[in-house]
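*Asks:*
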Amino acid sequence: MVSDLVLSIYDASLEPQKWPDLLHSLAKSIDARGAFVFDIEVRHGIEKLNATYFSSNYQVGLVQKYLTDYQDLEMEDQALFARHSRELDGIELVRDDVLAPSREALMQRPNAQAMRDYGIFYRMGGLLNKDKTSVDRFALQFSESVGFPTGERLKKLNSILPHMAKALNIGRHTSRLNQSLDILSDGYNGLRVGIALLDHRGELVFANHEFQRQMEAFGAFHLSPDKRLLARLEDGANGLAELLSDIQAHGRFGARPRKEALMHPINHHESALCIEVCPLTRPDFFNGERLNGYALFSLDTSLAIHVDTDAMAQFFSLTRSETEVLGLLAKGMTNAEICEQRNRSLETVNTQVKSVLQKTMASSRSQLMRVALQYSRNIFFQDDPEGGPVTRLGDGRGLATS
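Read in order, the letters of the sequence shown are residues 1 to 402 in UniProt numbering.
1) Ignoring anything shorter than 4 residues, give me the alpha helix (DSSP H) runs that lie fully in the UniProt domain "HTH luxR-type" (311–376), in order along the chain.
2) Is it right to say residue 320 is buried, meaning 16 or more other beta carbons lie within 10 angstroms of its own, or is it exposed?
3) What runs of the beta strand (DSSP E), each 3 residues or longer, lie entirely inside the segment 224–263?
4) What runs of the alpha helix (DSSP H), each 4 residues or longer, lie entirely inside the segment 4–70?
5) How is the alpha helix (DSSP H) around residue 170 delimited, first residue to last?
6) Would you give the residue range spanned by the beta strand (DSSP E) that residue 300 belongs to?
7) Using the Cβ count rule (16 or more neighbours within 10 Å means buried), how would you classify residue 367?
8) Who does residue 141 pair with in a DSSP beta bridge?
9) By the 10 Å Cβ neighbour count, where 16 or more other Cβ atoms means buried, how is residue 225 classified, buried or exposed?
10) What would DSSP say about residue 399, mapped onto helix, strand or coil?
11) Buried or exposed for residue 358, please, with buried defined as at least 16 other CB atoms from any protein chain shown within 10 angstroms of its CB.
12) Give a yes or no on whether 8 Å exceeds the smallest Cβ distance from residue 107 to chain B.
13) Apply the 10 Å Cβ neighbour rule to residue 241 and answer buried if 16 or more other Cβ atoms are within range, or exposed otherwise.
14) Could you tell me whether the Cβ atoms of residue 5 and residue 160 are closer together than 8 Å?
15) Using the Cα positions of residue 120 and residue 18, report the straight-line distance between them to the nearest angstrom.
16) Spatial neighbours of residue 31 within its chain, please: C-beta separation below 7 Å, excluding the five flanking residues on both sides.
17) Helix, strand or coil for residue 277? Go by DSSP, reduced to three states.
18) Just to confirm, are residue 40 and residue 255 a CB contact at a threshold of 8 Å?
19) For residue 298, does the count of other Cβ atoms within 10 angstroms reach 16, so buried, or fall short, so exposed?
20) Check each candidate in 99, 167 and 54 and name the one with the smallest Cα separation from residue 38.
21) So the candidates are 58, 130 and 97; which of them puts its Cα closest to the Cα of residue 253?
22) Do the CB positions of residue 164 and residue 148 come within less than 8 Å of each other?
23) In terms of residues, what are the limits of the alpha helix (DSSP H) holding residue 211?
24) Does the distance from the CB of residue 304 to the CB of residue 332 come in under 8 Å?
25) Using the Cα positions of residue 181 and residue 15, report the straight-line distance between them to the nearest angstrom.
26) Quick test of your reading: residue 275 and residue 261, contact by CB under 8 Å. State the CB separation rounded to the nearest angstrom.
27) Could you tell me whether the Cβ atoms of residue 166 and residue 250 are closer together than 8 Å?
28) Buried or exposed for residue 108, going by 16 or more other Cβ atoms inside 10 Å?
29) Report the partner residues of residue 74 according to the DSSP bridge assignment.
30) From residue 294 to residue 114, what distance separates their C-alpha atoms?
31) Ordered along the chain, which non-local residues of its own chain (more than five positions away) have a Cβ less than 7 Å from that of residue 348?
32) What would DSSP say about residue 192, mapped onto helix, strand or coil?
33) Using 8 Å as the threshold, is the C-beta distance between residue 117 and residue 106 below it?
34) In this structure, what does DSSP give as the bridge partners for residue 272?
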């Protein structure tokens, strides 16, 4: 069932090693040969296409050899797939018709001929992350006899992709940890994003150090006498209840899933906790038991974020002044503090901040920081904005036990 696959996809947000089997299951469900998630990294000024995840039925050695042999052609194809994706939030998978003037011309390309030797005749590609298009580039491959998905196959695919986009995006908080780490390990206690795990009753079974700190500092969440996690959200209480009760409430914003986040204002509404919810069913890290609950991710946007502002400026076409303002916002500065730092009027800074928000398609400063986190050089805490150590709470084993 589609719903079972969707729930399994969200488990992969905390266990990325599940992606190969999930991609294989997705491909099988729509009669595709397989699927990929690519990313583009820059090494010494040169872009390189990597296969981040791919269907478990594909052989690792053959995939690596193909990408080595046809790297330049695949980069050209990826650029065309991306160019034909619209700026809207929705996810569009682009057919390989855009890669050449005709099917005959396309099949003359060396990489297409190589894929045909493996039974692949048709391809589709698209962006699952339109805030940072160098990551989460999705691709599907089809045989000549099956062809592109239409009708129910296409409907099923379109219903699953927004959940994939969200799981990949939210999982970026943890995917750079060692994949063999237990969720209860110190690795998760070092993250700058607060993480809490709830069972189906809403009982808190784990909270990392940062989530515990936020509970102490801001009161957005607290524990009931029976260890259930309760929310005191100024904005978004109804949205949280919906996310905790309906799988269809997830994945509403396509390739910009960060727009789904709930905001809890802090620091006199200058900043906010950016809260995201992820359903879980059978995470292997939970002692082999069925959790059947949720993971909460909470980002304190008042804390400094180490951001690659040059990369953001290039992608979002920011001016030099806007880039400087972005850098100061990422340090947690208010508009008034930016005025003093840059010796500019409040009106000028307000205008520049609004321009940055508009170009990044962020509705608030806090949502902008959620975008910026994707360009962060470090997902782990180092020092707080004042230069001192970040306060740690708890013993690393969670606030509550089952």
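No residue lacks a Cβ here, since even glycine has one placed at the ideal position from N, Cα and C.
*Replies:* Let me lay it out:
1) 320–330, 335–342, 346–359 and 365–373
2) exposed
3) 229–231
4) Runs of the alpha helix (DSSP H) inside the segment 4–70: 19–29 and 60–69.
5) 151–171
6) For residue 300, the enclosing beta strand (DSSP E) covers residues 293–300.
7) buried
8) 34 and 123
9) exposed
10) Confidence at residue 399 is low in this model, with a pLDDT of 29, below 50, so the placement of that residue should be treated as unreliable; the coordinate-derived value is given next. If DSSP states are grouped into helix, strand and coil, residue 399 belongs with coil.
11) Under the 10 Å beta carbon count, residue 358 is surrounded by fewer than 16 other beta carbons and is classified as exposed.
12) In the structure shown, chain B cannot be found, because there is only a single protein chain.
13) exposed
14) The answer is yes: Cβ separation under 8 Å.
15) Cα to Cα, residue 120 sits roughly 24 Å from residue 18.
16) 146 and 153
17) strand
18) no
19) Per the 10 Å Cβ criterion, buried.
20) It is 54 whose Cα lies nearest to the Cα of residue 38.
21) 130
22) no
23) 209–218
24) yes
25) A caution first: residue 181 carries a pLDDT of 46, below 50, which makes its placement in the model unreliable, though a value can still be read off. For residue 181 and residue 15, the distance between alpha carbons rounds to 10 Å.
26) 6 Å
27) Yes, Cβ-Cβ distance for residue 166 and residue 250 is below 8 Å.
28) exposed
29) Beta-bridge partners of residue 74 (DSSP): none assigned.
30) CA-CA distance, residue 294 to residue 114, rounds to 43 Å.
31) none
32) Residue 192: coil per DSSP, three-state reduction.
33) no
34) 265
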